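For reference, the structure is listed below as structure tokens.
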Amino acid sequence: MRPIAHRGLHERGKGRVENTAPAFRAAIERGYGIECDLQAAGDDAPMVFHDAKLERLMDAAGPIRSYTARQLSALHYASSQERMLRFAELLELVDGRVPLLVEVKGEGRKLRAAFLANVAMLARRYKGPIALMSFDRNIVSALGERAARVPRGAVVGSKQFLSGLWRKRANAGGQAGTRIFGTPAAGISFLAVDVRLVAAARRSFIRHGCELPLFTWTVRTPRQRATAARWADAPIFEGYEP
Numbered sequence: 022m023r024p025i026a027h028r029g030l031h032e033r034g035k036g037r038v039e040n041t042a043p044a045f046r047a048a049i050e051r052g053y054g055i056e057c058d059l060q061a062a063g064d065d066a067p068m069v070f071h072d073a074k075l076e077r078l079m080d081a082a083g084p085i086r087s088y089t090a091r092q093l094s095a096l097h098y099a100s101s102q103e104r105m106l107r108f109a110e111l112l113e114l115v116d117g118r119v120p121l122l123v124e125v126k127g128e129g130r131k132l133r134a135a136f137l138a139n140v141a142m143l144a145r146r147y148k149g150p151i152a153l154m155s156f157d158r159n160i161v162s163a164l165g166e167r168a169a170r171v172p173r174g175a176v177v178g179s180k181q182f183l184s185g186l187w188r189k190r191a192n193a194g195g196q197a198g199t200r201i202f203g204t205p206a207a208g209i210s211f212l213a214v215d216v217r218l219v220a221a222a223r224r225s226f227i228r229h230g231c232e233l234p235l236f237t238w239t240v241r242t243p244r245q246r247a248t249a250a251r252w253a254d255a256p257i258f259e260g261y262e263p
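Sequential numbering of the sequence shown, starting at 22, is according to this note's numbering.
What follows is the structure, encoded as structure tokens:
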């Protein structure tokens, strides 16, 4: 599997802001896969944006869900004249030329059914290679109900691994890694794992005979690059080119 550019091949110094068209075009030109994020607008349209709030990147402030898709599409990024993309616009831009790995953001237990239905509909209709993923397993399950033929994955981070929730899932004297990585739930096609956990994930895969693809994020430093090369099937990278 090819390396995957985290939020596109972004580099602010060259005018390529994360999750914008220039960053995606740069990844396509170099043949990298693309990782991107989806947030729900106030009218449940899927927007290509990482944060739940706008102020870090945009010339506006407040929760993204307090704006409609039309309002968000009219805003500029603070450091460029680029505008926020709808998911449909991203799919049209990529047009099957490179694989897409799409992280669907959630709001804890408040799953927005209309938003997930819109994501699933667009993913189902897309003709190119695409997979959906989320930290929230409820979102992964909901997407499976709405887009059963689209590959779905679980994202696992260090905070989850170290949380009381994960510790409670480990049996007495057992390994938390076995509980998390050893028996992926039905419908899970791959894992995308924090680079600090990827060695543990791979070892658990080997112990349990699991052959799912294993991605690792976010790979930046030479040491992380070496870790990804040893344990993962592909890195989700930024700040360098493989």
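Think of the CB as a built atom: it goes at the ideal place given N, C-alpha and C, for glycine as much as any other residue.
None of these values were measured; they are calculated from a predicted model.
Those residues which DSSP pairs with residue i across a bridge
i: residue 37; result: 32
i: residue 300; result: Outside the shown range of the chain (22 to 263) lies residue 300, about which nothing can therefore be said.
i: residue 214; result: 177 and 237
i: residue 258; result: 26 and 240
Same chain, Cβ closer than 7 Å to residue i, five either side skipped, listed in chain order
i: residue 94; result: 104, 105 and 107
i: residue 90; result: 62, 64, 66, 68 and 107
i: residue 250; result: none
i: residue 133; result: 61 and 65
Spatial distance of residue i from residue j (CA atoms)
i: residue 25; j: residue 116; result: 16 Å
i: residue 1; j: residue 253; result: The question about residue 1 has no answer here: the residues shown for the chain are numbered 22 through 263.
i: residue 49; j: residue 38; result: 15 Å
i: residue 59; j: residue 126; result: 6 Å
i: residue 236; j: residue 261; result: 17 Å
i: residue 169; j: residue 219; result: 27 Å
i: residue 171; j: residue 87; result: 29 Å
i: residue 207; j: residue 100; result: 43 Å
i: residue 98; j: residue 36; result: 11 Å
i: residue 31; j: residue 118; result: 18 Å
i: residue 142; j: residue 73; result: 22 Å
i: residue 259; j: residue 153; result: 20 Å
i: residue 213; j: residue 161; result: 13 Å
i: residue 174; j: residue 96; result: 31 Å
i: residue 216; j: residue 240; result: 7 Å
i: residue 136; j: residue 209; result: 21 Å
i: residue 77; j: residue 83; result: 10 Å
i: residue 138; j: residue 234; result: 26 Å
i: residue 34; j: residue 47; result: 14 Å
i: residue 147; j: residue 230; result: 32 Å
i: residue 257; j: residue 155; result: 15 Å
Cβ shell of residue i (< 8 Å), same chain only, five flanking positions each side left out
i: residue 57; result: 28, 29, 40, 45, 69, 111, 121, 122, 123 and 124
i: residue 180; result: none
i: residue 23; result: 52, 53, 54, 119, 120 and 255
Close-in-space but distant-in-sequence residues of the same chain around residue i (CB under 6 Å, 5 per side omitted)
i: residue 202; result: 222 and 225
i: residue 157; result: 127
Limits of the beta strand (DSSP E) - the one that residue i falls within
i: residue 240; result: 235–240
First and last residue of the uninterrupted alpha helix (DSSP H) at residue i
i: residue 49; result: 42–51
i: residue 224; result: 219–229
Query raised in the report: Along the chain, which unbroken stretches of the alpha helix (DSSP H) at least 4 residues long are found entirely within the region 95–129?
Result: Complete alpha helix (DSSP H) runs here, min 4: 108–115.
Report task. Just list the alpha helix (DSSP H) runs in the region 143–167, keeping only unbroken ones of 4 residues or longer that don't cross its boundaries, in chain order. Result -> Within the region 143–167, the complete alpha helix (DSSP H) runs of at least 4 residues are 158–167.
Query raised in the report: Where in the region 56–86 do unbroken runs of the alpha helix (DSSP H), each at least 4 residues long, occur, reported from the N-terminal end onward?
Result: As far as the region 56–86 is concerned, it has no whole alpha helix (DSSP H) run of at least 4 residues.
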